[in-house]
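First comes the structure, then the notes that go with it.
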Amino acid sequence: MSADPATRVPLGTGVGSLPGTDQAAYDEGVRVVLDELGGHERGLPFLPEVPGRGVTAAMTGRGLAVLAELGADLQPAGWRLTGGGAESSGVDHRRARSLLAQDLDALEERAEGLTGAFKVQVAGPWTLAATVERPRGDKVLADHGARRELAQALAEGVATHVADLRRRLPGVERLVLQVDEPALAAVAGARVPTASGFGRHRAVDRPELAAGLEAVLGAARDAGVEPWVHACAPDVPWGLVRGAGARGLLVDADVLGPADLDELATALEAGEVVGLGVLPSTDPARDPGHEQPTERVLRLLEVVGLDPAEVAGSLVITTGCGLAGASPAWARRALLLARSAAAGLG
């Protein structure tokens, strides 16, 4: 259930991914997230992702693990739908689902008694359409019917995934689904390469872009979950994202243009959440401390003419993108700084 904007406070969180290459790194990631963000008023803990464990743990494999009623397998060129139901899944798709269940088991064991808010991430329908192939080749993006079927299967899978999370984390009152759409701007701008690499897929029109997002965000909302969208690319159509039902926007502050700032200001004025990626995703040359990200957020608010005291409860502080390329030490430090910067805004 979405939190009342009047009772919210600024929060610090992570985008989702953490460094590491094995299950021990994932277990450590859960511990770090819960240590730095769980049980803190200004912390928003999340389900870690450790893509360094391989393709079944990376964003696309993780998204396919949530998918309902569609099978997939892994080919030399990448992930491909199999054309049948879930029973037609290849061994790697089954491994991706098994790994997600194993990771949720580890979270459930360590997060016993967790209350407050919690966030989980999933690859969005347009990023999956741009990275997964149809059974007969080329991206799902090339086929209108396949695009619609993929979005519907993801929406159904999200509903099941959310129900599983509620069972595992019964004390969590505010559950957030972060839909990751790093490819959305490329899909909208006809910048996704075809299988040959010599051409580009045609842009998907805006009504269909919105409909695909609406299916997934609506499934989250119907399940009582707060739907956010994260993208760290430039030229994201944030107005379309908001119109599709997103109640939170997570952005990389380094790629924001004037139009982006206007859209974010509109969202804040409407009481919606805006997550600002003002912390580095990889180890910085110099530790910024919590004052620097706080001051950067205040400068952005000054640019758009918003009073920090009026919108602070709608702000989330995070890194520009995920922390998979960071050192373990910086990953932990970044989460701490996100939380302490959020406290500074309060």
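Residue numbering for the sequence shown follows full-length UniProt numbering, beginning at 1 and increasing consecutively.
Note that the Cβ used here is the ideal one computed from N, Cα and C, for glycine as well.
Handout entry: Nearest to A331 (by Cα), restricted to the options P5, T7, L11 and D35
Key = Start at 1 with the first residue of the sequence shown, and residue 331 comes out as number 331. Nearest option by C-alpha distance: D35.
Problem - D252 - partner residues in DSSP beta bridges - result: Along the sequence shown, one-based indexing puts residue 252 at 252. Partner(s): G277.
Exercise for the section: Leaving aside the five residues before and after D73 along the sequence, list all residues of the same chain whose C-beta is less than 8 Å from its C-beta, in chain order. Expected result: In the sequence shown, the residue the question calls residue 73 occupies position 73. Here the set comprises W79, R80, T82, S89, G90, V91, D92 and H93.
Exercise for the section: Output the distance between the C-alpha atoms of P125 and A96, rounded to the nearest integer angstrom. Expected result: Here the question's residue 125 lines up with position 125 in the sequence shown. Here the question's residue 96 lines up with position 96 in the sequence shown. Spanning the two alpha carbons is a distance of roughly 18 Å.
Handout entry: Nearest-angstrom Cα separation, counted from A324 out to D283
Key = Translated into the one-based positions of the sequence shown, residue 283 becomes position 283. Translated into the one-based positions of the sequence shown, residue 324 becomes position 324. Distance between the alpha carbons of D283 and A324: 11 Å.
Handout entry: Beta-carbon proximity of L184 to V236, cut-off 8 Å
Key = As a first step, residue 184 is located in the sequence shown; it is residue number 184 there, counting from the start. As a first step, residue 236 is located in the sequence shown; it is residue number 236 there, counting from the start. Yes, the Cβ-Cβ distance between L184 and V236 is below 8 Å.
Practice task
Measure the beta-carbon distance from K139 to A130 and round it to whole angstroms, keeping in mind my assumption that it falls under 8 Å.
Solution key: Along the sequence shown, one-based indexing puts residue 139 at 139. Along the sequence shown, one-based indexing puts residue 130 at 130. Indeed, because the Cβ distance is near 6 Å, the residues count as touching under 8 Å.
Handout entry: Local Cβ density within 10 Å of residue 347, reported as buried at 16 or more and exposed below that
Key = Residue 347 is absent from the structure shown; the chain starts at 1 and stops at 346.
Practice task
Name the residue from A246, P48 and E69 whose alpha carbon lies nearest to the alpha carbon of G275.
Solution key: As a position in the sequence shown, residue 275 is number 275, starting the count at 1. The candidate whose alpha carbon is nearest that of G275 is A246.
Problem - For S98, the residue or residues it bridges with in DSSP - result: One-based indexing of the sequence shown puts residue 98 at position 98. According to DSSP, S98 bridges with nothing at all.
Problem - Straight-line gap, L268 to H161 (C-alpha atoms, nearest Å) - result: Position 268 of the sequence shown, counted from the first residue, corresponds to residue 268. Position 161 of the sequence shown, counted from the first residue, corresponds to residue 161. Answer to the nearest angstrom: the Cα atoms are 29 Å apart.
Handout entry: Which of helix, strand or coil DSSP assigns to H144
Key = Here residue 144 refers to the residue found at position 144 when the sequence shown is read from its first residue. DSSP places H144 in helix when its eight states are reduced to three.
Practice task
Return the first residue and the last residue of the alpha helix (DSSP H) that R174 is part of.
Solution key: In the sequence shown, residue 174 corresponds to position 174, counting from 1. Run containing R174: none in the alpha helix (DSSP H); it sits in the beta strand (DSSP E), V172 to D180.
Handout entry: Endpoints, the beta strand (DSSP E) within which E226 is located
Key = Position 226 of the sequence shown, counted from the first residue, corresponds to residue 226. Where E226 is concerned, the enclosing beta strand (DSSP E) stretches over E226 to A231.
Practice task
Verify whether the separation of the beta carbon atoms of P280 and T319 is less than 8 Å.
Solution key: As a first step, residue 280 must be located in the sequence shown, where it is residue number 280. As a first step, residue 319 must be located in the sequence shown, where it is residue number 319. Yes. Within cutoff.
Practice task
Ignore the nearest five residues each way along the sequence and tell me which others in E108's own chain have a CB closer than 8 Å to its CB.
Solution key: Here residue 108 corresponds to residue number 108 of the sequence shown, with the count starting at 1. Within the same chain, E108 has close Cβ partners R168 and L169.
Handout entry: Closest Cα partner of E173 within the set L47, V192, P135 and L114
Key = Within the sequence shown, numbered from 1, the residue matching residue 173 stands at position 173. E173 has its Cα closest to that of L114, out of L47, V192, P135 and L114.
Problem - Under the three-state DSSP convention, the category S88 falls into - result: To locate residue 88, count along the sequence shown from 1; it is residue 88. DSSP places S88 in helix when its eight states are reduced to three.
Exercise for the section: Rounded to whole angstroms, what's the CA-CA distance from L154 to A111? Just pull it up for me. Expected result: In the sequence shown, counting from the first residue as 1, residue 154 sits at position 154. In the sequence shown, counting from the first residue as 1, residue 111 sits at position 111. Going from the Cα of L154 to the Cα of A111 covers about 26 Å.
Problem - Integer Cβ distance of R206 from L240, believed to fall under 8 Å - result: Walking along the sequence shown from the start, residue 206 turns up at place 206. Walking along the sequence shown from the start, residue 240 turns up at place 240. Confirmed, Cβ separation roughly 6 Å.
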